[in-house]
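Structure first, then comments.
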Amino acid sequence: MKKKKIHDSATVNSKLIRKPIERCFLVFLAPTLAAFTIGFVYPFLKGFYLSFCKFQTTSNATFVGIQNYINAMNDPSFTHAFWYTALYAIVSLLLINVIAFVIAYFLTQGIKGANIFRTVFFMPNLIGGIVLGYIWSMIFNGILSRYGTSILMETKYGFWGLIILMCWQQIGYMMIIYIAGLQAIPQDMMEAAKIDGANRIQTLFHITIPNVMPSITICMFLSLTNAFKLFDQNLALTGGQPYNFLPGGEVVRTTEMLALNIYNTFYGQNTSARGTAQAKAVIFFILVAAISIAQLSATRKKEVQQ
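Going by our numbering, the final residue of the sequence shown carries number 946, and the count climbs one at a time with no gaps.
In structure tokens form, the structure reads like this:
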């Protein structure tokens with residue numbers, strides 16, 4: 641009887657607390673909604689409108705239709721930046737996730753000092769991208785100077801320099817996500833596989849990886865979006881150099897990625913190209929959104945329901 645009274649009292653109190661909150665939910669929602677509208681929705685809509693305008697300042701914009709999009713698609717530097725970014729995204733996606741998974745797998749096998757190794761591998765993720773770019777540029781140039789070259793002199797050095805830098809920075813972060821996924825695998829599955837005589841390779845491919853697919857989905861999404869949005873490391877490490885001068889007079893920065901290309905177009909010497917830069921930004925947003933959604937859809941279908 642006493643327990644029933646306590647239960648009834650808790651129910652009454654929860655209702656008394658919940659009803660005023662439900663009536664005034666707009667008061668609690670308004671600050672977050674206002675911040676989201678001011679910080680994201682309005683700038684996005686304004687930027688989308690400006691992509692159809694010619695302007696030097698946002699308060700003095702002239703509508704020109706789809707001309708900015710035509711200019712963007714005909715810009716050889718933008719086309720090169722897209723394919724360069726796509727190649728970088730594929731290579732970095734594979735390397736970062738494979739290495740991070742291998743490290744996470746070994747660190748969950750009960751080896752001594754696993755926590756120390758986790759901390760050491762994760763620490764590079766705490767360093768800012770600009771700082772990392774300058775540090776690694778000094779490292780690469782110190783090595784390449786012995787061979788009479790520099791990271792700014794050949795495209796292949798800039799490409800692999802970015803790959804090494806981003807692997808060093810992101811592997812530790814992805815490793816933590818993979819460790820969480822590996823530790824969440826039901827132990828009865830692992831024991832059943834051992835009893836059935838499955839070896840480590842069979843267990844890895846038939847038990848471990850299918851059960852870690854949610855972590856793989858998250859890590860692949862982060863790796864892919866980070867690769868396409870890469871800016872500060874690209875700016876600090878190579879700045880887009882070296883340059884390639886085309887017959888028509890256009891200049892293509894051979895290690896320039898999409899985000900840096902948009903930045904250089906907007907803040908370049910030709911201030912009349914800011915509308916084109918804004919059109920590039922819209923195209924960039926659509927590309928990243930479409931690729932991310934496709935990747936999430938593909939990997940989620942392979943997830944195992946536990």
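Backbone N, C-alpha and C define an ideal beta-carbon position, used for all residues, glycine too.
Checklist entry - Are C807 and L900 touching if we call contact CB-CB under 8 Å? => result no
Checklist entry - Would a C-beta distance cut-off of 8 Å place I756 and T878 closer than the cut-off? => result no
Next on the checklist: Please state the DSSP three-state secondary structure of F871.
Outcome noted: coil
Item to check | Residue-chain proximity (G879, chain D), Cβ-Cβ < 8 Å | outcome: Among the chains of the structure shown, chain D does not appear; only one protein chain is present.
Item to check | Cβ neighbour criterion (16 or more within 10 Å) applied to A938 | outcome: exposed
Checklist entry - Expressed to the nearest angstrom, what Euclidean distance is found between the alpha-carbon atoms of I817 and T702? => result For I817 and T702, the distance between alpha carbons rounds to 48 Å.
Item to check | The beta strand (DSSP E) enclosing Y883, as first and last residue numbers | outcome: Y883 to F885
Next on the checklist: Restricting to Cα atoms, I'd like to know which of F906, I933 and N910 is closest to S691.
Outcome noted: F906
Next on the checklist: One question on the structure: do L936 and T857 come within less than 8 Å of each other, judged by their Cβ atoms?
Outcome noted: Yes, they are a contact pair.
Checklist entry - What three-state label does DSSP hand A701 in the structure shown? => result strand
Next on the checklist: Would G812 and S855 qualify as a contact pair, given that the criterion is a beta-carbon distance under 8 Å?
Outcome noted: No. Outside cutoff.
Checklist entry - Would you call G750 buried or exposed, if buried means 16 or more other Cβ atoms sit within 10 Å of its Cβ? => result Exposed is the call here.
Next on the checklist: Buried or exposed, going by whether 16 or more other CB atoms sit within 10 Å of the CB of R914?
Outcome noted: buried
Checklist entry - For the alpha helix (DSSP H) that contains C807, what are its first and last residues? => result T795 to Q823
Checklist entry - Using the beta-carbon count (16 or more within 10 Å), is L772 buried or exposed? => result Residue environment: L772 is assigned as buried (16 or more neighbouring CB atoms within 10 Å of its CB, all protein chains considered).
Next on the checklist: What would DSSP say about V892, mapped onto helix, strand or coil?
Outcome noted: When DSSP states are grouped into helix, strand and coil, V892 belongs to the strand group.
Next on the checklist: Please report the straight-line C-alpha distance between T697 and G769, rounded to a whole angstrom.
Outcome noted: 29 Å
Checklist entry - Quick one: complete alpha helix (DSSP H) runs, 4+ long, within the segment 707-739? => result 707-713
Checklist entry - Starting from F1010 and walking both ways along the beta strand (DSSP E), at which residues does that stretch end? => result This structure gives no information on residue 1010, because the portion of the chain shown stretches from 641 to 946.
Next on the checklist: Under 8 Å: do the segment 887-904 and the segment 669-687 share three or more Cβ pairs, one atom per stretch?
Outcome noted: Flag = no, the segment 887-904 and the segment 669-687 do not touch.
Checklist entry - Nearest-angstrom Cα distance between M829 and E896? => result 47 Å
Next on the checklist: If you reduce the DSSP assignment to three classes, tell me which class F668 lands in.
Outcome noted: helix
Item to check | Proximal residues to A754 (C-beta, below 6 Å), its chain only, five neighbours per side dropped | outcome: L747
Item to check | Bridge partner(s) assigned by DSSP for K694 | outcome: T702
Next on the checklist: Using only CA atoms, which one of K752, A876, K659 and L927 lies nearest to Y774?
Outcome noted: A876
Next on the checklist: Quick check: what's the CA-CA separation for I841 versus P826?
Outcome noted: 18 Å
Next on the checklist: I need the DSSP call for L792, collapsed to helix, strand or coil.
Outcome noted: coil
Item to check | Of the listed residues V928, W776, S717 and Y787, nearest to G889 (C-alpha basis) | outcome: S717
Checklist entry - For K645, is the classification buried or exposed, using 16 other Cβ atoms within 10 angstroms of its Cβ as the cut-off for buried? => result With a pLDDT of only 48 at K645, under the threshold of 50, the placement of this residue in the model should not be trusted; the figure read from the coordinates follows. Exposed.
Item to check | Chain-order list of residues whose beta-carbon lies under 6 Å from that of Y709 (same chain, five-residue window excluded) | outcome: Same-chain partners within the cutoff: A919.
Item to check | 3-residue-minimum beta strand (DSSP E) runs that sit fully inside the segment 818-863, ordered along the chain | outcome: none
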